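Below you'll find the structure, written out as structure tokens, and then a few comments.
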Amino acid sequence: MQYVTAQNVSLVLFFIGLYGVLVKRNIIKTIVSVNIMDFGAILFLITVNYVPDSIPPIGATDFDRMADPLPQALMITAIVIGISVTAVSLTIFISLFRKHGTADWENVINRIQKR
Amino acid sequence: MIPLHLLVLLPVFLATVGYFTPRAVYKHLMIVTQIVHAAMSTAVFIQVRSGGAIRQYMGGWRGGIGIALVADALAMNLVLLSSWLFLLLFLFNYGKQYMDNIFQFLFIMLQGVTIGIFLAGDLFHIYVLVELGMLAISILIMYKRDKQALYDGLLYVVLNLFGMTFFLLGVGFMYRSLGVLDLTLMSQRIGRLSDPTGLSLPYALLLTAIGLKAAILPLFSWLPSAHGALSAPSAVSAVLSGLQVKVGVFLFLRIQQLFSGIFQTEGFFFVVALLTAIVGFTIALVHRDIKLILAFSTVSQIGLIMMGLNAGSDLAYYGSLFHITNHALFKALLFVTAGVIAHHAGTRDITRIRGVAPRAPVFALATLLAILGITGGPFFNGSVSKYLIQSGLAGRPEEALLYLVNLGTIMVFVKYAQIFLPQRLAAADAGGAGNATGASPSPTAESATESDKTALIPGREFAMKSVALLMGVLCLALGLLAAPLMELLFGHRLPVSGAFYLDKTLIFLATLVTGIALYYGVVHRLSFLAVLREFRLTFNTICLLFTGFFALLLGYIYLMT
Numbered sequence: 119m120q121y122v123t124a125q126n127v128s129l130v131l132f133f134i135g136l137y138g139v140l141v142k143r144n145i146i147k148t149i150v151s152v153n154i155m156d157f158g159a160i161l162f163l164i165t166v167n168y169v170p171d172s173i174p175p176i177g178a179t180d181f182d183r184m185a186d187p188l189p190q191a192l193m194i195t196a197i198v199i200g201i202s203v204t205a206v207s208l209t210i211f212i213s214l215f216r217k218h219g220t221a222d223w224e225n226v227i228n229r230i231q232k233r
Numbered sequence: 327m328i329p330l331h332l333l334v335l336l337p338v339f340l341a342t343v344g345y346f347t348p349r350a351v352y353k354h355l356m357i358v359t360q361i362v363h364a365a366m367s368t369a370v371f372i373q374v375r376s377g378g379a380i381r382q383y384m385g386g387w388r389g390g391i392g393i394a395l396v397a398d399a400l401a402m403n404l405v406l407l408s409s410w411l412f413l414l415l416f417l418f419n420y421g422k423q424y425m426d427n428i429f430q431f432l433f434i435m436l437q438g439v440t441i442g443i444f445l446a447g448d449l450f451h452i453y454v455l456v457e458l459g460m461l462a463i464s465i466l467i468m469y470k471r472d473k474q475a476l477y478d479g480l481l482y483v484v485l486n487l488f489g490m491t492f493f494l495l496g497v498g499f500m501y502r503s504l505g506v507l508d509l510t511l512m513s514q515r516i517g518r519l520s521d522p523t524g525l526s527l528p529y530a531l532l533l534t535a536i537g538l539k540a541a542i543l544p545l546f547s548w549l550p551s552a553h554g555a556l557s558a559p560s561a562v563s564a565v566l567s568g569l570q571v572k573v574g575v576f577l578f579l580r581i582q583q584l585f586s587g588i589f590q591t592e593g594f595f596f597v598v599a600l601l602t603a604i605v606g607f608t609i610a611l612v613h614r615d616i617k618l619i620l621a622f623s624t625v626s627q628i629g630l631i632m633m634g635l636n637a638g639s640d641l642a643y644y645g646s647l648f649h650i651t652n653h654a655l656f657k658a659l660l661f662v663t664a665g666v667i668a669h670h671a672g673t674r675d676i677t678r679i680r681g682v683a684p685r686a687p688v689f690a691l692a693t694l695l696a697i698l699g700i701t702g703g704p705f706f707n708g709s710v711s712k713y714l715i716q717s718g719l720a721g722r723p724e725e726a727l728l729y730l731v732n733l734g735t736i737m738v739f740v741k742y743a744q745i746f747l748p749q750r751l752a753a754a755d756a757g758g759a760g761n762a763t764g765a766s767p768s769p770t771a772e773s774a775t776e777s778d779k780t781a782l783i784p785g786r787e788f789a790m791k792s793v794a795l796l797m798g799v800l801c802l803a804l805g806l807l808a809a810p811l812m813e814l815l816f817g818h819r820l821p822v823s824g825a826f827y828l829d830k831t832l833i834f835l836a837t838l839v840t841g842i843a844l845y846y847g848v849v850h851r852l853s854f855l856a857v858l859r860e861f862r863l864t865f866n867t868i869c870l871l872f873t874g875f876f877a878l879l880l881g882y883i884y885l886m887t
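Heads up: the protein sequence lines correspond to chains A and B, in order. When we follow the numbering used here, the leftmost residue of the first sequence carries the number 119, and every step to the right adds one. When we follow the numbering used here, the leftmost residue of the second sequence carries the number 327, and every step to the right adds one.
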């Protein structure tokens with residue numbers, strides 16, 4: 119069980135996402151896979167330097183047992199950015215799908231070149 | 327003293343506040359903003375040159391916690407360049423139809439973000455700004471809605487999001503090992519690590535993501551579809567090619583600085599840069615769309631810049647830094663004039679654009695000046711920076727390769743200069759090119775709709791002409807004043823003598839003749855090269871190449887250390 123740490127889980131997530139990006143031709147699946155990679159990286163950063171039994175860094179309590187607050191503050195920003203970029207890419211995808219009627223990277227480019 | 331965050335926030339703040347004013351007011355407000363910004367960045371630049379680097383922490387936090395802004399000589403050079411380039415482009419676009427509030431707002435956002443990246447003092451800050459810039463760019467390149475716009479935009483967004491996850495994971499590994507994200511503190515703590523080679527994984531992650539931004543060899547496939555996008559207004563292409571790629575080069579320098587002395591990857595990146603330069607001009611030679619030719623020429627020039635940076639010599643290093651400025655200037659000029667020329671001709675197919683000089687004499691002159699700049703014509707800025715890179719390599723076998731790259735650049739622009747041929751040759755050519763025009767009727771159709779949209783506004787032509795001419799003259803001026811400028815910009819004395827120009831002229835003429843002969847004698851006739859034009863990597867292949875590049879870099883570091 120000692121291998122199931124947050125760090126390892128996040129790396130596994132990252133590579134699952136990478137696999138999806140490399141082999142899936144569906145645009146939706148690509149966007150989902152990139153998001154899995156993104157969250158893998160975010161989970162990695164949140165749990166970096168985590169000490170067991172530490173308490174959340176809220177309020178002025180026991181400073182010695184407090185978890186490292188910096189990654190948590192930064193990752194909120196990273197999550198927000200991830201969501202907004204995903205929103206933008208999904209928006210573009212919807213217009214693309216309406217225009218070309220396919221969700222496949224290769225089909226899209228083939229249809230554009232044929233026209 | 328001007329606070330550094332004003333450089334980043336002033337344009338963004340004014341663009342947001344003024345957003346709801348009418349268009350005519352907004353336009354002038356933005357130009358005033360640009361003038362103020364250019365003056366401010368010049369003032370900060372002078373201060374940094376005389377008093378050394380400035381460091382500022384936001385929000386009153388101490389170093390290591392607060393967001394740091396660092397203005398050192400390297401950063402301020404690029405800030406100065408970008409703020410003046412944006413001013414020039416705003417003036418150039420003065421009367422353009424597409425200059426509505428949304429466009430200008432996004433354009434200014436891009437400026438703020440770019441300057442923020444140059445001034446950023448910590449890794450996470452860089453990550454945030456790069457993502458923000460990507461959002462602005464993705465909308466800007468789809469601005470004139472074209473049939474391929476959505477594909478180009480989506481490819482750009484998803485690919486960059488993919489690349490930046492590598493960057494974020496790299497940041498995570500760096501934080502785990504060092505406990506800080508501030509670049510200065512990081513480099514101090516790296517020195518104290520007992521075994522810094524353990525950082526090879528984050529190093530490879532960060533540099534692969536940056537390689538995507540800088541568009542080096544296997545990672546450049548996104549660039550032409552973004553920079554040469556049919557739907558991108560020419561000013562956007564100019565900024566992307568002139569500045570945005572340099573962000574990648576700048577980040578490359580920052581990360582290399584951080585890891586200097588731990589990983590010796592100069593040799594690796596020199597080879598990659600050389601291949602980038604060669605592949606860039608080869609593909610540029612086969613394309614017909616003038617904007618795509620320019621976009622691939624950017625790939626080749628980035629290769630040249632990276633070659634100089636990784637040559638391991640001071641002279642080549644400063645030559646490359648100077649070439650960053652020069653390339654921004656002439657490539658921006660080429661892109662904006664290409665927009666005008668395509669508009670006049672009603673097509674973007676290079677085999678059909680003829681007789682530019684009588685129709686638009688001012689833009690033809692400006693294009694000529696820019697071509698002389700990029701090919702390294704005597705007395706022009708390109709010749710000085712290329713000469714510096716070359717003298718940094720003097721006596722080594724790599725010098726010959728530099729001549730090859732230069733020959734390639736000249737061939738590309740010999741091809742580009744076809745647009746100056748007189749009109750009646752076009753008729754003779756049309757027989758041969760008839761097949762081509764049949765195969766790709768798209769550029770014509772696109773620019774026809776474009777010309778409907780761009781109705782004339784008084785003062786438009788005048789602003790465009792004067793800015794284009796000014797930029798052309800700047801190309802020449804930067805070459806003539808290279809010695810004092812190098813001292814002013816980089817604090818580096820230039821070893822230039824009178825014989826230098828004569829020498830350069832002879833070499834340039836020899837290369838030019840070879841280039842013309844090779845292009846019209848050989849390359850022009852190789853029909854099989856046209857296959858390269860249809861060649862297009864799919865998204866999955868690009869990602870596979872990206873991962874392959876990462877694995878290659880990681881393996882190289884493991885073997886070398």
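A virtual CB, placed ideally from N, CA and C, is assigned to each residue, including glycine. Please read all numbers here as calculations on a predicted model, not as lab measurements.
Item: Whole-angstrom distance between A/Pro170 and B/Gly634, CA atom to CA atom; Value: 49 angstroms
Item: Close beta carbons around A/His218, own chain, < 8 angstroms, minus the five adjacent residues each side; Value: Asn225, Val226, Arg229 and Ile230
Item: With 16 other Cβ atoms within 10 Å as the buried cut-off, status of B/Leu885; Value: exposed
Item: Own chain, CB closer than 6 angstroms to B/Gly699, minus 5 neighbours either side, in chain order; Value: Phe656, Phe706, Asn707, Gly708 and Cys801
Item: Collapsed DSSP secondary structure at B/Asn732 in the structure displayed; Value: helix
Item: Pick from B/Lys422, B/Phe371, B/Ala836 and B/His669 that is closest to B/Leu407, judged by C-alpha positions; Value: B/Phe371
Item: Continuous alpha helix (DSSP H) stretch holding B/Gln570: start and end; Value: Careful: B/Gln570 lies outside any alpha helix (DSSP H) and carries neither H nor E.
Item: Residue-level contact to chain B via CB, A/Leu136, 8 angstroms cutoff; Value: yes
Item: Anticipated Cβ contact below 8 angstroms, B/Phe431 with B/Ala341, distance rounded; Value: 5 angstroms
Item: Cα-Cα separation, B/Gly386 to B/Gly392; Value: 7 angstroms
Item: Host alpha helix (DSSP H) of B/Ile542 (start-end); Value: Run containing B/Ile542: none; DSSP gives neither H nor E here.
Item: Residue of B/Tyr453, B/Met500 and B/Ser520 minimising C-alpha distance to B/Thr491; Value: B/Tyr453
Item: Cutoff 8 angstroms; reference B/Leu871; Cβ partners in own chain excluding five residues on either side; Value: Pro544, Leu545, Ser547 and Leu863
Item: Within-8 angstroms CB hit, A/Val226 to chain B; Value: yes
Item: Within 8 angstroms, strictly: CB atoms of B/Phe661 and B/Ser563; Value: yes
Item: Cutoff 8 angstroms: B/Ser464 Cβ touching any chain A Cβ; Value: yes
Item: Span separating the alpha-carbon of B/Leu549 from that of B/Leu466; Value: 14 angstroms
Item: Buried or exposed by the 16-neighbour rule on C-beta atoms within 10 Å, applied to B/Val573; Value: buried
Item: Min CB distance A/Asn167 to chain B below 8 angstroms; Value: yes
Item: 7 angstroms Cβ cut-off: residues of chain A touching B/Cys869; Value: Val139 and Leu140
Item: Cα-Cα separation, A/Leu136 to B/Phe876; Value: 12 angstroms
Item: Span separating the alpha-carbon of B/Met468 from that of A/Ala205; Value: 16 angstroms
Item: Identified DSSP bridge partners for A/Met184; Value: A/Ile173
Item: Distance between A/Gly158 and A/Val130 (C-alpha atoms, nearest Å); Value: 8 angstroms
Item: Residues in the stretch 143–160 of chain A having any Cβ partner in chain B nearer than 8 angstroms; Value: Arg143, Ile145, Thr148, Ile149, Val152, Met155, Asp156, Gly158, Ala159 and Ile160
Item: Whole-number beta carbon distance between B/Leu880 and B/Ser409, since they are thought to touch under 8 angstroms; Value: Between B/Leu880 and B/Ser409 the Cβ distance is about 37 angstroms, and since that is not below 8 angstroms, they are no contact.
Item: Rounded straight-line distance, which links the Cα of B/Ile536 to that of B/Phe578; Value: 6 angstroms
Item: Buried versus exposed call for A/Thr123 [16 or more other C-beta atoms within 10 Å across all chains shown]; Value: exposed
Item: CA-to-CA distance, B/His613 to B/Asn732, given in whole angstroms; Value: 19 angstroms
Item: Residues bridged to B/Val396 (per DSSP); Value: B/Arg381
Item: Close-in-space but distant-in-sequence residues of the same chain around B/Gln360 (CB under 7 angstroms, 5 per side omitted); Value: Phe412, Leu413 and Phe416
Item: Reference B/Ser639, options B/Tyr501, B/Glu725, B/Phe589 and B/Ala696, closest by Cα; Value: B/Glu725
Item: A/Ile212 burial status per 10 Å Cβ neighbour count (16 or more: buried); Value: exposed
Item: Inter-stretch contact at 8 angstroms, needing at least 3 Cβ pairs: the stretch 624–633 of chain B / the stretch 664–671 of chain B; Value: no
Item: Contact set for B/Leu332: own chain, Cβ-Cβ below 8 angstroms, skip 5 residues either direction; Value: Met366
Item: B/Ala893 (DSSP reduced to helix, strand or coil); Value: Residue coverage of chain B in this structure runs from 327 to 887, which leaves residue 893 of chain B outside it and unanswerable.
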